[in-house]
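Structure record follows, encoded as structure tokens.
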Amino acid sequence: MKTLITALVVATTFAVSASAQDMAYVVNDDDYTIEKSLTGVPGDAGAGQAAFVGRKKGNCLACHAVEQLKDSQLFHGEVGPDLSDVGNSYSAEELRLRIVDYKVINDDVIMPAFFRSTGLSNVGKKFKDKTILSAQEVEDIIAYLLTLKS
Amino acid sequence: MKLFLVGLAALGLSLGAAQAQDIDWTKVTLEGFEVPLAYENEDGDLIRSGFTFRTPGTQAMQEDDFANPAFWRVDEGEIAWSTPEGSEGKSCADCHGDAAESMATVGTEYPKVDAESGELLALEHRINKCRTENMGAEAYKWESQGMLTMTVYVRHQSRGKPVNVAVDGPAAPFFEEGKALYNKRVGQLDMACKHCHEDYYGNYIRADFLSQGQSNGFPTYRQKWGKVGSIHRRIRGCMGNIRGAKYPYGSHENTVLELYIAHRGKGLPVETPAVRN
């Protein structure tokens, strides 16, 4: 079954912004994937690493450890799984859903939805109606994760 | 508490917070305390003071009142307690006498429902009620020096005694509100308090070692702040981390959360003024 998840549902009472348009994507519930790239522009692994590490971007190291980054980055988190071999374990399509909104798979998970600005409560002013990452940043991080093989 | 520290060193546990987990904290009681720093509750969960998550260096700062960077507030508070203020020319001591007696368990009981108004009051609310209604003095601002000193002083009178907030009777609806809020996802990061402080305590989140978020040490001296702060300040800090809208100081939301958090740590010793990182 394919479910269309789109911010437009919530946006009906407000002006539809360009970013809301960007948020339309299709989740394949059968194998928990998002097949289609969010942008159509191939991800850049270098930019992806920067977005992965950036504390104001993905800040992924807050929860995940990556052996390949141990020399350049101190303090890797231990809340989520180690991602040093994630490129061997998951496809781009699987990673896309997990970054966009892991709660589709597990609604009790601590991991934020990095590309969803709807269905949230009490969001701080600065972050209201914004996704944590841009669509391209999600694609870049996927490209970076696919390089992680130990 | 030198013996205690020597014990830690002998066990080779002086390197960091993570290793400190190996200690059986249910057997550790600080000098003069009535109850240990951890216990197993009826669900079989180990309830641990924030003390048990910190490094031996931070713990040592709290254990020695002379090294505790917040302890001067206990002395200042004692002076403020008997200093008349406001149009009535009264001090706290004029009505409440010796704080060591009259305030002996107050620090274990707040937040508490005010019998007159039916409102849930944090200790700060209660102090300001006294100031404005009985002393004719101005209310302290929540996070002001005057308020921090007075709340440290009052709660310190209960140091070592187990947290014992009431969550039944008139407090029950406030408790339920607090519980709901504690488990509600908020902020752009869409996390509830429980995700970090129930599901993942004892793990590092980047450089931060997650505790259970217990409140028995508040107002607590935090090295990150370089001063003492209230539990409301701490909750607001968490809200900022998850990119949420911070509930105002003294707000209903923060106060019901404070009640729920206190109940989670019911039985832990009051440590005010505690020292944390």
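Protein chains in written order, with the working numbering: chain A, 1 to 150; chain B, 1001 to 1277.
Ideal Cβ positions, reconstructed from N, Cα and C, are used throughout, including at glycine.
Keep in mind it's a predicted model, so treat the numbers as computed, not measured.
Handout entry: Inter-residue CB distance, residue 1225 of chain B and residue 1153 of chain B (contact presumed, cutoff 8 Å)
Key = With 8 Å as the limit, residue 1225 of chain B and residue 1153 of chain B do not qualify as a contact, their Cβ atoms being about 19 Å apart.
Handout entry: Nearest residue (CA-CA) to residue 1094 of chain B, options B/1134, B/1075 and B/1057
Key = Of the listed residues, the one whose Cα sits closest to residue 1094 of chain B is B/1134.
Problem - Cα-Cα separation between residue 102 of chain A and residue 116 of chain A, rounded to whole angstroms - result: Their Cα atoms are separated by approximately 11 Å.
Practice task
Check the Cβ-Cβ distances between residue 1190 of chain B and every residue of chain A, and say whether any is below 8 Å.
Solution key: True, the Cβ-Cβ gap to chain A drops below 8 Å.
Practice task
Just tell me which of B/1136, B/1158, B/1206 and B/1171 has its CA closest to the CA of residue 62 of chain A.
Solution key: Of the listed residues, the one whose Cα sits closest to residue 62 of chain A is B/1206.
Exercise for the section: Pick helix, strand or coil for residue 1205 of chain B, following the three-state DSSP scheme. Expected result: Strand at residue 1205 of chain B.
Exercise for the section: Say whether the segment 1192 to 1203 of chain B touches the segment 1141 to 1149 of chain B, bearing in mind that this needs 3 or more beta-carbon pairs closer than 8 Å, one atom from each stretch. Expected result: Counting Cβ pairs under 8 Å, fewer than three are found: no touch.
Exercise for the section: Please check if any C-beta of chain B sits within less than 8 Å of the C-beta of residue 48 of chain A. Expected result: No - not a single Cβ of chain B is within 8 Å of the one on residue 48 of chain A.
Exercise for the section: Evaluate residue 1070 of chain B with the Cβ neighbour count: other Cβ atoms within 10 Å of its Cβ, from every protein chain shown; 16 or more gives buried, anything less gives exposed. Expected result: Of the residues assessed, residue 1070 of chain B falls on the buried side of the cut-off, its CB having 16 or more other CB atoms within 10 angstroms.
Practice task
Using a Cβ cut-off of 9 Å, pull out every chain A residue sitting near residue 1232 of chain B, in sequence order please.
Solution key: Those within 9 Å of residue 1232 of chain B in chain A number zero; the least Cβ separation is about 16 Å.
Problem - Separation of residue 1179 of chain B from residue 1255 of chain B, as counted between CA atoms - result: The alpha-carbon separation between residue 1255 of chain B and residue 1179 of chain B amounts to approximately 12 Å.
Exercise for the section: Given a cut-off of 8 Å, decide if residue 133 of chain A and residue 1190 of chain B are closer than it, judged by their beta-carbon atoms. Expected result: Not a contact, by the Cβ cut-off of 8 Å.
Handout entry: Other residues of its chain near residue 73 of chain A: CB distance less than 7 Å, five sequence neighbours each side excluded
Key = Closer than 7 Å at the Cβ level, and outside the excluded window around residue 73 of chain A, lie 53 and 61.
Practice task
Please state whether DSSP places residue 125 of chain A in a helix, a strand or coil.
Solution key: Three-state result, residue 125 of chain A: helix.
Handout entry: Short Cβ contact (8 Å threshold) for residue 85 of chain A with residue 145 of chain A
Key = Contact flag unset, no.
Problem - For residue 1056 of chain B, three-class secondary structure by DSSP - result: Helix at residue 1056 of chain B.
Problem - Cα-Cα separation between residue 131 of chain A and residue 1195 of chain B, rounded to whole angstroms - result: Counting only the Cα atoms, residue 1195 of chain B lies some 20 Å from residue 131 of chain A.
Handout entry: Beta-carbon proximity list for residue 142 of chain A, same chain, < 8 Å, skipping 5 on both sides
Key = Answer for residue 142 of chain A: 43, 48, 92, 95, 96 and 99, listed in chain order.
Handout entry: Neighbour flag for residue 132 of chain A against chain B, beta carbons, 8 Å
Key = At least one chain B Cβ lies under 8 Å of residue 132 of chain A.
Exercise for the section: Would you kindly check if the distance between the Cβ of residue 1171 of chain B and the Cβ of residue 1257 of chain B is under 8 Å? Expected result: Contact: no.
Exercise for the section: Report yes if the C-beta distance between residue 1244 of chain B and residue 1187 of chain B is below 8 Å; otherwise report no. Expected result: Residue 1187 of chain B sits close to residue 1244 of chain B, with the two beta carbons spaced by under 8 Å.
Practice task
Report all residues from its chain with a CB closer than 7 Å to the CB of residue 79 of chain A; omit the five preceding and five following residues, and keep chain order.
Solution key: Taking residue 79 of chain A as the centre and dropping the five residues before and after it, the same chain places the C-beta of 63 and 110 closer than 7 Å to its C-beta, in chain order.
Practice task
Answer yes or no: does any C-beta atom of chain A fall closer than 8 Å to that of residue 1110 of chain B?
Solution key: The C-beta of residue 1110 of chain B comes no closer than 8 Å to any C-beta of chain A.
Problem - Continuous beta strand (DSSP E) assignments of at least 3 residues falling wholly in the segment 1086 to 1157 of chain B - result: The qualifying runs do not exist here; there are none.
Handout entry: Any C-beta of chain B under 8 Å from that of residue 99 of chain A
Key = Contacts with chain B at 8 Å (Cβ-Cβ) do not include residue 99 of chain A.
Practice task
Output yes if chain B places a C-beta closer than 8 Å to the C-beta of residue 125 of chain A; else output no.
Solution key: It does: the Cβ of residue 125 of chain A has a partner Cβ on chain B nearer than 8 Å.
Problem - Contact set between the segment 1176 to 1190 of chain B and chain A, restricted to residues whose Cβ is under 8 Å from the partner - result: Under the 8 Å Cβ criterion, the segment 1176 to 1190 of chain B contributes 1184, 1185, 1186, 1187, 1188, 1189 and 1190.
Practice task
Measure the CB-CB distance between residue 1121 of chain B and residue 1174 of chain B and report whether it falls below 8 Å.
Solution key: No.
Handout entry: Cross-strand partners of residue 1275 of chain B (DSSP beta bridge)
Key = Answer is B/1221.
Practice task
At 7 Å on the CB atoms, spell out the chain B contacts of residue 63 of chain A, in chain order.
Solution key: Near residue 63 of chain A (Cβ distances below 7 Å), the residues of chain B are 1205.
Exercise for the section: Check residue 1269 of chain B in the structure and name its three-state DSSP category. Expected result: When DSSP states are grouped into helix, strand and coil, residue 1269 of chain B belongs to the strand group.
Exercise for the section: For the beta strand (DSSP E) containing residue 1227 of chain B, list its first residue and its last residue. Expected result: Per DSSP, the continuous beta strand (DSSP E) segment holding residue 1227 of chain B begins and ends at 1227 to 1229.
Handout entry: Sequence-distant residues of the same chain with beta carbon closer than 8 Å to residue 1214 of chain B, five excluded per side
Key = Sequence-distant Cβ neighbours of residue 1214 of chain B in its own chain, meaning closer than 8 Å and more than five residues away, are 1047, 1048, 1049, 1050, 1261, 1264, 1265 and 1268.
Handout entry: residue 51 of chain A at chain B interface by Cβ criterion, 8 Å
Key = In terms of beta-carbon proximity, residue 51 of chain A stays away from the interface with chain B, with every pair separated by 8 Å or more.
Handout entry: Residue range of the unbroken beta strand (DSSP E) whose run includes residue 1047 of chain B
Key = In the DSSP annotation of this structure, the continuous segment of the beta strand (DSSP E) that includes residue 1047 of chain B starts and ends at 1046 to 1048.
Exercise for the section: Give every residue of the same chain whose Cβ lies closer than 6 Å to the Cβ of residue 1086 of chain B, excluding the five residues on either side of it in the sequence, and list them in chain order. Expected result: The beta carbon of residue 1086 of chain B lies closer than 6 Å to those of 1135, 1136 and 1137 in the same chain, with the five residues before and after it left out.
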